[in-house]
Amino acid sequence: MATLEISGRNGFKGQELSVNTEQYKCTHCEEEFTLDLIKNTIGIKVLSSTQTKNINLVLPYLNSYRKDFALDTCLRKAHFISQIGVESANFKTFAEYEDYSNPPGVFSSSPIVINKTIVDSLKDNLTSIFSILDAKGVEITKTNDQLSTILLEEKPSIVDKQLYGKYTGETDPKDKKKKISKLIKTVLKEDKSKDYEIYLKPHTYFGVPLLSRAYAPYTGDKRGLGNGDELTRDGWKFKGRGLKQLTGRGNYVSFTDYRNKTTFTGDTSGAINFTEELPGKALKGKYLLLSDNEMYATQSALYFWNDGTKKNKKFAKDHAQDDDIDMVIKCINQYDTVAGKTNRKNNYNRAKAEEVFNIIRHFDLMLQNGTDVQKIEAKAYLEKQVLKKDARAKKILEDYEKENPTPKT
54 MATLEISGRN GFKGQELSVN TEQYKCTHCE EEFTLDLIKN TIGIKVLSST QTKNINLVLP
114 YLNSYRKDFA LDTCLRKAHF ISQIGVESAN FKTFAEYEDY SNPPGVFSSS PIVINKTIVD
174 SLKDNLTSIF SILDAKGVEI TKTNDQLSTI LLEEKPSIVD KQLYGKYTGE TDPKDKKKKI
234 SKLIKTVLKE DKSKDYEIYL KPHTYFGVPL LSRAYAPYTG DKRGLGNGDE LTRDGWKFKG
294 RGLKQLTGRG NYVSFTDYRN KTTFTGDTSG AINFTEELPG KALKGKYLLL SDNEMYATQS
354 ALYFWNDGTK KNKKFAKDHA QDDDIDMVIK CINQYDTVAG KTNRKNNYNR AKAEEVFNII
414 RHFDLMLQNG TDVQKIEAKA YLEKQVLKKD ARAKKILEDY EKENPTPKT
């Protein structure tokens with residue numbers, strides 16, 4: 054036992070307490086991740102074969118690394134799974150999807166003039182995007198190179214996300230169930246008669262150009278991704294990969310540095326530069342390891358959890374231990390949509406429940422067995438839950454008060 058003077062927000066300034074200095078360690082904090090814990094956190098009653106496979110692939114690494122990489126408490130485990138559940142699309146993928154209809158980044162929502170960067174970026178796909186019709190409405194076959202020349206000369210305007218992302222076409226006025234190509238420019242002869250028309254065709258998305266543009270820097274860009282311009286293809290190379298969906302060349306560089314000076318138990322693969330290109334192979338580099346290999350997918354997520362974005366001078370792991378879901382989200386992905394942030398919070402509400410990571414149980418055990426400082430922490434947490442109408446927390450505090458009545462002053 055020891056004497057401790059407690060001061061500050063808890064109202065005990067100057068008061069001396071008899072303190073048990075032996076820290077209580079919740080045994081459940083040390084329990085391993087399981088498939089059921091993850092499934093219940095992401096709220097999927099029946100996992101697909103892909104989800105089951107992916108979870109089982111990363112489980113050995115999560116459990117091997119958890120003690121050394123701040124997955125060592127009930128709170129941290131619950132918050133971590135809540136976040137990576139959203140990042141990995143409920144463990145369906147270790148790589149960011151590319152089928153955006155409303156992509157992030159510099160994409161316009163009003164028409165802009167098609168420029169050389171756009172043409173060069175989409176040069177291999179132009180025949181899938183555009184068609185040329187003569188004055189009689191007959192399509193004229195054009196190559197990608199010919200279309201490049203026409204577009205740069207005529208400079209039609211268009212909402213650029215309709216070029217890169219999936220475009221379903223315009224409703225046919227003659228048949229409301231049909232989609233047709235959209236006229237974007239009529240080109241006239243010198244005598245003002247129609248020469249030909251440029252149409253935007255319904256088409257699929259084009260992942261490499263799309264992600265390259267989405268994650269390229271632009272005026273006013275505050276993301277700090279460290280990517281080169283659209284034509285470097287950095288946006289696609291360093292798109293979201295791994296359990297965390299690590300994004301941007303800068304983050305891949307930081308992960309490389311972190312991993313190469315950190316010991317991951319059982320990993321004998323040595324130093325790796327995750328930004329390295331494979332010689333002579335376009336768009337084939339070691340960045341693909343983050344999405345192709347479950348060990349690196351897990352390691353990259355743990356890097357970001359421990360040493361990624363810092364908010365209010367704390368990393369995600371620290372905000373998780375403070376049980377601050379909003380700050381955890383800001384550290385992991387502050388640019389997520391409203392729906393994405395809601396999904397993260399919904400995951401955490403499931404994760405903290407009695408049948409999952411059971412956070413109330415954690416603080417109940419701390420209240421019953423912890424040091425005086427731990428008891429204060431546990432009581433404060435449970436009181437917050439009472440304000441949120443949590444019946445379990447209310448009963449725990451009521452029972453504790455009966456057994457340990459507060460001295461009357």
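Everything in the sequence shown is counted per the working numbering, starting at 54 for the first residue and increasing by one.
A virtual CB, placed ideally from N, CA and C, is assigned to each residue, including glycine.
On the criterion of 16 or more Cβ atoms from any shown chain inside 10 Å, does residue i qualify as buried, or is it exposed?
{"i": "Gln-76", "result": "exposed"}
{"i": "Tyr-271", "result": "exposed"}
{"i": "Glu-407", "result": "exposed"}
{"i": "Met-54", "result": "Here the model assigns Met-54 a pLDDT of 46, short of 50, so the residue's position is not dependable and the matter cannot be decided."}
{"i": "Glu-83", "result": "exposed"}
{"i": "Tyr-388", "result": "exposed"}
{"i": "Lys-66", "result": "Any answer about Lys-66 is weak, because its pLDDT of 44 lies below 50 and its placement is not dependable; what the coordinates show is given next. Classification of Lys-66: exposed, given that the 10 Å Cβ count is below 16."}
{"i": "Asn-386", "result": "buried"}
{"i": "Glu-149", "result": "buried"}
What distance in whole Å lies between the Cβ atoms of residue j and residue i, which are believed to be in contact at a cut-off of 8 Å?
{"i": "Lys-169", "j": "Leu-205", "result": "6 Å"}
{"i": "Leu-440", "j": "Ile-449", "result": "Not a contact, Cβ separation roughly 14 Å."}
{"i": "Leu-336", "j": "Lys-290", "result": "7 Å"}
{"i": "Arg-391", "j": "Gln-136", "result": "The displayed chain sequence assigns Val, not Arg, to residue 391. The Cβ separation is near 16 Å, so there is no contact."}
{"i": "Gly-277", "j": "Gly-303", "result": "6 Å"}
{"i": "Tyr-412", "j": "Leu-110", "result": "A small fix is needed here, since residue 412 is Ile in this sequence, not Tyr. With 8 Å as the limit, Ile-412 and Leu-110 do not qualify as a contact, their Cβ atoms being about 27 Å apart."}
{"i": "Gly-301", "j": "Asn-280", "result": "6 Å"}
{"i": "Phe-147", "j": "Ser-154", "result": "In fact, because the Cβ distance is near 23 Å, the residues do not count as touching under 8 Å."}
{"i": "Glu-330", "j": "Gly-338", "result": "4 Å"}
Which residues in the same chain as residue i place their Cβ atom closer than 7 Å to its Cβ, once the five residues preceding and following it in sequence are excluded?
{"i": "Asn-359", "result": "Phe-122, Ala-123, Phe-368 and Lys-370"}
{"i": "Glu-510", "result": "Given a span of 54 to 462 for the chain in the structure shown, any question on residue 510 remains unanswerable."}
{"i": "Cys-79", "result": "Cys-127, His-415, Leu-418 and Met-419"}
{"i": "Phe-183", "result": "Leu-200, Ile-251, Tyr-252, Leu-253 and Lys-254"}
Alpha carbon to alpha carbon, how far is residue j from residue i? Give it in angstroms, no decimals.
{"i": "Asp-177", "j": "Asp-320", "result": "40 Å"}
{"i": "Gln-266", "j": "Thr-424", "result": "Inspection of the sequence shows that residue 266 is occupied by Arg rather than by Gln. Answer to the nearest angstrom: the Cα atoms are 54 Å apart."}
{"i": "Glu-456", "j": "Asp-417", "result": "14 Å"}
{"i": "Leu-200", "j": "Thr-180", "result": "7 Å"}
{"i": "Phe-317", "j": "Leu-112", "result": "15 Å"}
{"i": "Glu-430", "j": "Phe-259", "result": "52 Å"}
{"i": "Pro-40", "j": "Lys-219", "result": "Nothing can be reported for residue 40, as the shown portion of the chain is limited to 54 through 462."}
{"i": "Ile-185", "j": "Pro-156", "result": "27 Å"}
{"i": "Asp-228", "j": "Lys-238", "result": "23 Å"}
{"i": "Lys-98", "j": "Ile-251", "result": "49 Å"}
{"i": "Leu-284", "j": "Ile-167", "result": "15 Å"}
{"i": "Ser-117", "j": "Lys-275", "result": "36 Å"}
{"i": "Ile-378", "j": "Pro-332", "result": "43 Å"}
{"i": "Lys-428", "j": "Pro-458", "result": "14 Å"}
{"i": "Thr-362", "j": "Arg-119", "result": "19 Å"}
{"i": "Glu-451", "j": "Phe-86", "result": "32 Å"}
{"i": "Thr-196", "j": "Asp-125", "result": "58 Å"}
Is the beta carbon of residue j closer than 7 Å to that of residue i?
{"i": "Lys-364", "j": "Lys-383", "result": "yes"}
{"i": "Lys-145", "j": "Thr-103", "result": "yes"}
{"i": "Arg-397", "j": "Val-191", "result": "no"}
{"i": "Asp-161", "j": "Asp-213", "result": "The question names Asp, but residue 161 in the sequence shown is Ser. A contact, by the Cβ cut-off of 7 Å."}
{"i": "Lys-208", "j": "Gly-222", "result": "no"}
{"i": "Asn-400", "j": "Thr-105", "result": "no"}
{"i": "Tyr-20", "j": "Thr-315", "result": "The structure shown does not extend to residue 20, since the chain is modelled only from 54 through 462, so no value can be given for it."}
{"i": "Arg-403", "j": "Gly-158", "result": "no"}
{"i": "Pro-164", "j": "Ile-193", "result": "no"}
{"i": "Tyr-268", "j": "Gly-288", "result": "yes"}
{"i": "Gly-483", "j": "Ser-246", "result": "No information on residue 483 is available, as it lies outside the stretch 54 to 462 that the chain covers here."}
{"i": "His-132", "j": "Ala-433", "result": "no"}
{"i": "Tyr-249", "j": "Asp-198", "result": "no"}
{"i": "Tyr-349", "j": "Leu-341", "result": "no"}
Can you give me the Cβ contacts of residue i inside the same chain, cut-off strictly under 8 Å, excluding the 5 residues immediately before and after it?
{"i": "Thr-309", "result": "Ile-325, Asn-326, Phe-327 and Thr-328"}
{"i": "Ile-108", "result": "Leu-88, Ile-91, Lys-92, Leu-100 and Phe-144"}
{"i": "Gly-393", "result": "Val-139 and Asn-386"}
{"i": "Pro-226", "result": "none"}
Please list, in chain order, all residues of the same chain as residue i whose beta carbon is under 6 Å from its beta carbon, the five residues on each side excluded.
{"i": "Pro-262", "result": "Ser-174, Leu-175 and Tyr-217"}
{"i": "Glu-347", "result": "Leu-110 and Val-111"}
{"i": "Gln-438", "result": "Ala-446"}
{"i": "Tyr-356", "result": "Phe-308 and Tyr-311"}
{"i": "Glu-454", "result": "none"}
{"i": "Lys-235", "result": "Glu-223 and Leu-253"}
{"i": "Arg-62", "result": "Bear in mind that a pLDDT of 37 at Arg-62, under 50, signals an unreliable position, so the number given afterwards is only what the model happens to contain. Cβ neighbours of Arg-62 beyond the five flanking positions: none."}
Would you please verify whether the beta carbon of residue i is less than 7 Å from any beta carbon of chain B?
{"i": "Leu-355", "result": "Protein chain content of the structure displayed is limited to a single chain, and chain B is not contained in it."}
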